[in-house]
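Sequences listed follow chains A and B, in order.
So the first sequence is residues 425 to 885, counted in my numbering.
So the second sequence is residues 120 to 678, counted in my numbering.
Ideal Cβ positions, reconstructed from N, Cα and C, are used throughout, including at glycine.
Some notes on the structure that comes next.
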Amino acid sequence: MARTLSRRTLLRGVFGGSLVSLALPPLEAMLDSHGEAWADEPGPIRRYGVFFWGNGYAWNTRGRPDRWTPTPGPMGWTPSEQLSPLGPDAAGRTMTDRVSVITGLEPKTAIPASPGGQGDGHMRGVAVALSGDRPRPEGFHHPDHIFALSRPTLDQVIARHPRFYATAPRFRSLELSVSGNRFHDYGTWTAISYNGPESQNLPIRSVDALFDQLFAVRTGDTTDRALLLDAVADDARRLHGLLGANDRQRLDAHLEHVRTLQRELTGSQAACQMPARPARGGGFDGAPGNEPLLDKLDAMARLLALALQCDMTRVFSLMFTGPGSQTVFRDVGATTGLHQLCHDENWELSRRATIYSMRCFRRLLDILAATPDVGGGSVLDNTVLLGTSEFSAGDVHEVGNFPVLLAGGGSGALRPGTHIHLPDGNLARVHLTIQQALGLGVDTFGFNGGETRESVAQVLR
Amino acid sequence: MVKTLSRSIALLVALSGCDGVVGDRPAPAHVATAAPPAAVPDAGTSHPPAVLPPFAPAGVVLATLTGTQYRNAVADLLGSGLPEIALEPDTNPYLFTAIGAARSTAAERTVRAWEAAAHRATEATFAVPERRVALVGCTPTAPDAPCVRAYFGRFLRRAWRRPASAEELDRFVGLSRRLGAANVWTGLRYATAAALQSPSFLYRVELGAPVAGAAGRRRYTGYEMASRLAFTLWNSVPDEALLDAAARGALDRDDTLRTEARRLLRNPRARSAVRAFFVQYLGLGGLDGLARDPTLYPDVTPALTASMREEVERLVEDVVFTHDGDFRAVFSGASTFLDARLAGLYGLDMPPGAEGFARVELPSNSGRGSLLTTAAILAVTAHPNATSPTARGRYVRERLLCERVPDPPMNVPLNLEAGDSGVMPTLRDRLERHRRDPACAGCHSRTDPVGLGFEDFDAVGRRRTMEAGRPVDARGDLDGVAFVGARALGEILARDPRVAACVVRQVYRFATARLETESEARVLADLEERFAARNYRFLELLVELVASEGFRTVADGGR
Numbered sequence: 425m426a427r428t429l430s431r432r433t434l435l436r437g438v439f440g441g442s443l444v445s446l447a448l449p450p451l452e453a454m455l456d457s458h459g460e461a462w463a464d465e466p467g468p469i470r471r472y473g474v475f476f477w478g479n480g481y482a483w484n485t486r487g488r489p490d491r492w493t494p495t496p497g498p499m500g501w502t503p504s505e506q507l508s509p510l511g512p513d514a515a516g517r518t519m520t521d522r523v524s525v526i527t528g529l530e531p532k533t534a535i536p537a538s539p540g541g542q543g544d545g546h547m548r549g550v551a552v553a554l555s556g557d558r559p560r561p562e563g564f565h566h567p568d569h570i571f572a573l574s575r576p577t578l579d580q581v582i583a584r585h586p587r588f589y590a591t592a593p594r595f596r597s598l599e600l601s602v603s604g605n606r607f608h609d610y611g612t613w614t615a616i617s618y619n620g621p622e623s624q625n626l627p628i629r630s631v632d633a634l635f636d637q638l639f640a641v642r643t644g645d646t647t648d649r650a651l652l653l654d655a656v657a658d659d660a661r662r663l664h665g666l667l668g669a670n671d672r673q674r675l676d677a678h679l680e681h682v683r684t685l686q687r688e689l690t691g692s693q694a695a696c697q698m699p700a701r702p703a704r705g706g707g708f709d710g711a712p713g714n715e716p717l718l719d720k721l722d723a724m725a726r727l728l729a730l731a732l733q734c735d736m737t738r739v740f741s742l743m744f745t746g747p748g749s750q751t752v753f754r755d756v757g758a759t760t761g762l763h764q765l766c767h768d769e770n771w772e773l774s775r776r777a778t779i780y781s782m783r784c785f786r787r788l789l790d791i792l793a794a795t796p797d798v799g800g801g802s803v804l805d806n807t808v809l810l811g812t813s814e815f816s817a818g819d820v821h822e823v824g825n826f827p828v829l830l831a832g833g834g835s836g837a838l839r840p841g842t843h844i845h846l847p848d849g850n851l852a853r854v855h856l857t858i859q860q861a862l863g864l865g866v867d868t869f870g871f872n873g874g875e876t877r878e879s880v881a882q883v884l885r
Numbered sequence: 120m121v122k123t124l125s126r127s128i129a130l131l132v133a134l135s136g137c138d139g140v141v142g143d144r145p146a147p148a149h150v151a152t153a154a155p156p157a158a159v160p161d162a163g164t165s166h167p168p169a170v171l172p173p174f175a176p177a178g179v180v181l182a183t184l185t186g187t188q189y190r191n192a193v194a195d196l197l198g199s200g201l202p203e204i205a206l207e208p209d210t211n212p213y214l215f216t217a218i219g220a221a222r223s224t225a226a227e228r229t230v231r232a233w234e235a236a237a238h239r240a241t242e243a244t245f246a247v248p249e250r251r252v253a254l255v256g257c258t259p260t261a262p263d264a265p266c267v268r269a270y271f272g273r274f275l276r277r278a279w280r281r282p283a284s285a286e287e288l289d290r291f292v293g294l295s296r297r298l299g300a301a302n303v304w305t306g307l308r309y310a311t312a313a314a315l316q317s318p319s320f321l322y323r324v325e326l327g328a329p330v331a332g333a334a335g336r337r338r339y340t341g342y343e344m345a346s347r348l349a350f351t352l353w354n355s356v357p358d359e360a361l362l363d364a365a366a367r368g369a370l371d372r373d374d375t376l377r378t379e380a381r382r383l384l385r386n387p388r389a390r391s392a393v394r395a396f397f398v399q400y401l402g403l404g405g406l407d408g409l410a411r412d413p414t415l416y417p418d419v420t421p422a423l424t425a426s427m428r429e430e431v432e433r434l435v436e437d438v439v440f441t442h443d444g445d446f447r448a449v450f451s452g453a454s455t456f457l458d459a460r461l462a463g464l465y466g467l468d469m470p471p472g473a474e475g476f477a478r479v480e481l482p483s484n485s486g487r488g489s490l491l492t493t494a495a496i497l498a499v500t501a502h503p504n505a506t507s508p509t510a511r512g513r514y515v516r517e518r519l520l521c522e523r524v525p526d527p528p529m530n531v532p533l534n535l536e537a538g539d540s541g542v543m544p545t546l547r548d549r550l551e552r553h554r555r556d557p558a559c560a561g562c563h564s565r566t567d568p569v570g571l572g573f574e575d576f577d578a579v580g581r582r583r584t585m586e587a588g589r590p591v592d593a594r595g596d597l598d599g600v601a602f603v604g605a606r607a608l609g610e611i612l613a614r615d616p617r618v619a620a621c622v623v624r625q626v627y628r629f630a631t632a633r634l635e636t637e638s639e640a641r642v643l644a645d646l647e648e649r650f651a652a653r654n655y656r657f658l659e660l661l662v663e664l665v666a667s668e669g670f671r672t673v674a675d676g677g678r
């Protein structure tokens, strides 16, 4: 017990008219001990977001033409076929000046020789793209149904960085998923945000649930609901001293979630522009993997933009389609899931699915760009948004020439509208660049052979 | 049989290209792997090899309740007919949700869902006067009426699988008084909702107590054993009788422990727990949202895939419970359970007047026979648009024989293109290349010959006689034993000792919520022997499992 409390600060809080003790989760403790520059300076809001799609893109394997890499152009770059949705729309508005494309990168994390097969697979792609590290070896055997990330994903590294949040946000991060497909029945392949090994941030999967979480007015007994969570915390403390280190961490994380919930139940809701509940909210939740993807993405992105605008959170990840996506892209004429199409080398449908995914990415960008930010500019202007996948060529599980789209202005830290080709470059440079753009004071990133001190300076101001 | 097996072992040893299979020991949990021994040497006899290390118990496992356990527990505690409980999906590493619950950290959305569910369920219960009086056992006139304390004593013991301490009872009575100032029932409801959010409810806290003279080993207490028995055999909390048995020490002794286990297995809850085991073991979760190309398989609907799953569950339940017979009959039986949908898919007639599911005899010319020819198994082992002899062979090797087939090497072409001859090759022709290429042959020569024996069934389990315009060729080979068609393979598997050993290993994982450790090899070998000695009756395997030292003891010193 003493060990538990020594790591924590006690906060005296008032609930229901009586004083109760609350153990602070680590995040708050860190934030409270910080609080110099960020806390008092009304500096620009900086946000980080991820747009993830599964199975990579249709790359130039087997002698096919390269339809991904852009060419130089007047508005920064001229889109290739698969990036064409980022170019001029019907009204002539382009996104090429607000997105940088980085090509040629690949993960440099070493691949252990044993057990075999660790260089391959969706899981390595997701791990290197989103955490910068390789996954644990145990996960590679498909039928084990494991998704064995070895460390937090970058969104959580950022969200928990002491220099990121000056004050605790309503939500440390938001996780959303659009397509309800999952990879076979592998229950662990349903999230792309991790706090650490086997600690997932499960995404909100429906428009209704997203609306409820962000905007539903809490009524009635919320104070009492919060109060009884103290009894829960008391029991957790009793248990804590009986457990081994790993289980203590699990219980601590659970308790942290309880605290988050308690804070939400008692806190006043920020004065946000309250949107109407999307009329078709429930209509998108039919057969998983068969949703009208663009419409659902649109509805979720609009709610997300409002949440960002009123500063409910500054970190989000949007899993458009999941790793090893089995999403059926009906809108482009597919009747089989993308994973199968790739492995069947259905080049035409794979291309169309990539283009469709880029249309959806474009829609997210349009919505963020159309949302004015409180301090001026748009929400997109003050966001660093990474668009990526787990492969380049899904058909051969290729990770060379990894897809990297860096969108947004990063509150002036990013120089968008650039195409840089960095042949054989280290993918971790992107992760380092993102952290630098967010002003985290980080000068090295990467793991297990992927370490780098070199950002992609061309996209930074 | 013995001869066949030794030949098969020799063949496996020769396949050095497919590494990490033969003779592997179960790995320690921290380098967890699904690789069990491919075949116990001399498996034809029942003596475990002398080389097994001495038994030592594995470390503490702290599992949360799985979604099913949570729902069952709430229904058992508060009564059935409550609003549907929305939870996040379970994870299923190493096939089992219990293992996911023991390894995963509860996600924020899960904690939110638990909070919401506790309130929804208690609100529904306390809103109905008859329900709340039945639950609490009285109509309390004041928040500190004696019957309130008695209620929490009773409720917490069952919900938490241990008696609450006096201090804890004080806290819950106090909470109920504080929140029930305006209305006694409201306070009771809140305190009940708090109990359902307590880690003592949500986690299976099973830590063991020291055993005199057994250093390094702790024995689960009576209440902890009640929890373990109930969650393993019922997927729910214990009933009062089991907790009473724990209190009087009946779960500390072999004979009375077995008696209690048998009592639990006679309860209908055990049927759903055993069904749940087989659904997870056999991977039938893959039927939920099964991806099938509608232009090729227009009749695949959620209703059909639900029927597929139900067929397997009924088949298993019939063998395990109705007949309490030899488990291996699951593979070699000549009847199954169909509804009109499945009968249509199978091209079989339902018995006259049958409604819903009914037992259907499988004529030998139907090509069907029990588990391996169920649409469920055939569908979860196929691609969305084609069969996959590789996946089906791998399924037999990994799921049913507990062998390990390595994943493909890096950057190999994962597709099989059509040939240049202009004639559309059959899948068998295309896979032939995999077995010719040495880089692929090591593994494909172990999977494909088995899986090709399923080629008489398509990707949704429909019987077929033609593929790519030619008569279907369903010749298969399992370790040198030739067969034609999946029905024949089922008969071979029913006699293969690896199948029984494999199900022992898998149910042990299901029950312990973890992978077995190297130092538990003797426990598994002993269970295999006992399973055989009891004529492969699955319920007896469960009784022996919960009575085994592996299930009853835990290593000292956390994990």
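Between the beta-carbon of residue i and the beta-carbon of residue j, is there less than 8 Å?
{"i": "B/P318", "j": "A/L663", "result": "yes"}
{"i": "A/M724", "j": "A/Q506", "result": "no"}
{"i": "A/L730", "j": "B/R228", "result": "no"}
{"i": "B/G275", "j": "B/E287", "result": "The residue asked about is misnamed: residue 275 of chain B is Leu in this sequence, not Gly. Cβ distance < 8 Å, so B/L275 and B/E287 count as in contact."}
{"i": "B/A620", "j": "B/F670", "result": "no"}
{"i": "B/V180", "j": "B/R624", "result": "no"}
{"i": "B/L658", "j": "B/D412", "result": "no"}
{"i": "B/G580", "j": "A/D609", "result": "no"}
Taking the DSSP output, what are the residues bridged to residue i?
{"i": "A/P699", "result": "The partner list for A/P699 (beta bridge, DSSP) is empty, contrary to what the question assumes."}
{"i": "A/I582", "result": "According to DSSP, which records beta bridges pairwise, A/I582 is partnered with nothing at all."}
{"i": "B/R338", "result": "B/A328, B/T672"}
{"i": "B/V600", "result": "B/L597"}
{"i": "A/A831", "result": "A/V523, A/L809"}
Give a yes or no on whether 8 Å exceeds the smallest Cβ distance from residue i to chain E.
{"i": "B/R641", "result": "As a matter of chain content, chain E is missing from the structure shown, whose protein chains are A and B."}
Evaluate contact between the segment 231 to 245 of chain B and the segment 636 to 652 of chain B, counting only Cβ atoms and requiring at least three cross-stretch pairs below 8 Å. No contact exists between the segment 231 to 245 of chain B and the segment 636 to 652 of chain B.
When Cβ atoms are compared, which residues of the segment 641 to 663 of chain A fall closer than 9 Å to chain B? From the segment 641 to 663 of chain A, only D645, D648, R649, L651, L652, L653, D654, A655, V656, D658, D659, A660, R662, L663 have a Cβ closer than 9 Å to chain B.
Short-range partners of chain B found in the segment 798 to 832 of chain A, where Cβ spacing is below 9 Å: The segment 798 to 832 of chain A vs chain B, Cβ under 9 Å: D819, V820, H821, E822.
Enumerate, from N- to C-terminal direction, the unbroken alpha helix (DSSP H) stretches of 4 or more residues contained entirely within the segment 725 to 801 of chain A. As far as the segment 725 to 801 of chain A is concerned, its whole alpha helix (DSSP H) runs of at least 4 residues are 762 to 767, 771 to 793.
Residues within the segment 218 to 235 of chain B neighbouring chain A, beta-carbon criterion of under 8 Å: Cβ contacts with chain A: G219, R222, S223, T224, A225, A226, E227, R228, T229, V230, R231, E234.
Quick one: complete beta strand (DSSP E) runs, 3+ long, within the segment 441 to 529 of chain B? Fully enclosed beta strand (DSSP E) runs of 3 or longer: 454 to 457, 477 to 480.
Contact set between the segment 561 to 589 of chain A and chain B, restricted to residues whose Cβ is under 7 Å from the partner: Only E562, F564, H565, H566, P567, D568, H569, I570 from the segment 561 to 589 of chain A bring a Cβ to less than 7 Å from some Cβ of chain B.
Go through the segment 235 to 273 of chain B residue by residue and report every complete run of the alpha helix (DSSP H) that reaches 4 residues or more, in order. Correct list: 248 to 255.
Residues in the segment 385 to 416 of chain B having any Cβ partner in chain A nearer than 9 Å: Residues G402, L403, G404, G405, L406, D407, G408, A410, R411, D412, P413, T414, L415.
Given a limit of 7 Å on CB to CB distance, which residues of the segment 168 to 180 of chain B reach chain A? Cβ proximity to chain A below 7 Å picks out V179 from the segment 168 to 180 of chain B.
Taking a cut of 7 Å between CB atoms, which residues from the segment 315 to 332 of chain B lie near chain A? Against chain A - using a Cβ distance shorter than 7 Å - the residues of the segment 315 to 332 of chain B are Q316, S317, P318, S319, V324, L326.
Three CB pairs or more closer than 8 Å across the segment 626 to 638 of chain A and the segment 563 to 577 of chain A: No: the two stretches stay apart, fewer than three of their Cβ pairs being nearer than 8 Å.
Note down, in chain order, all residues in the segment 670 to 696 of chain A with a beta-carbon under 8 Å from any beta-carbon belonging to chain B. Flagged, chain order: N670, D671, Q673, R674, L675, A677, H678, H681, V682, T684, L685.
Taking one C-beta from the segment 332 to 344 of chain B and one from the segment 265 to 274 of chain B each time, how about it: are there three or more such pairs within less than 8 Å? The segment 332 to 344 of chain B makes no contact with the segment 265 to 274 of chain B: fewer than 3 CB pairs, one atom from each, lie closer than 8 Å.
Taking three-plus beta-carbon pairs below 8 Å as touching, is the segment 514 to 530 of chain B in contact with the segment 423 to 442 of chain B? Between the segment 514 to 530 of chain B and the segment 423 to 442 of chain B, the count of Cβ pairs shorter than 8 Å is below three; the stretches do not touch.
Between the segment 594 to 612 of chain B and the segment 181 to 199 of chain B, do at least 3 Cβ pairs fall closer than 8 Å? Put simply, the segment 594 to 612 of chain B does not touch the segment 181 to 199 of chain B. Fewer than three CB pairs are less than 8 Å apart.
Using a Cβ-Cβ cut-off of less than 9 Å, give me the residues of the segment 532 to 545 of chain A that come near chain B, in sequence order. The segment 532 to 545 of chain A vs chain B, Cβ under 9 Å: I535, S538, P539, G540, G541, Q542, G543, D544, G545.
Counting beta carbon pairs with one atom in the segment 544 to 556 of chain B and one in the segment 507 to 519 of chain B, are three or more of them shorter than 8 Å? When Cβ pairs closer than 8 Å are counted between the two stretches, the segment 507 to 519 of chain B is seen to touch the segment 544 to 556 of chain B, the count reaching three or more.
Anything in the segment 599 to 611 of chain A with a Cβ closer than 9 Å to a Cβ of chain B? List those residues in chain order, please. The residues in question are E599, G604, N605, R606, H608, D609, Y610, G611.
Let me know the alpha helix (DSSP H) ranges lying completely inside the segment 275 to 334 of chain B, each 4 residues or longer, listed in chain order. Listed in chain order, the complete alpha helix (DSSP H) runs (minimum 4 residues) inside the segment 275 to 334 of chain B are 285 to 298, 303 to 314, 318 to 321.
Mind pulling the alpha helix (DSSP H) runs of 4 or more residues that sit fully within the segment 340 to 392 of chain B? As far as the segment 340 to 392 of chain B is concerned, its whole alpha helix (DSSP H) runs of at least 4 residues are 341 to 352, 359 to 366, 373 to 384.
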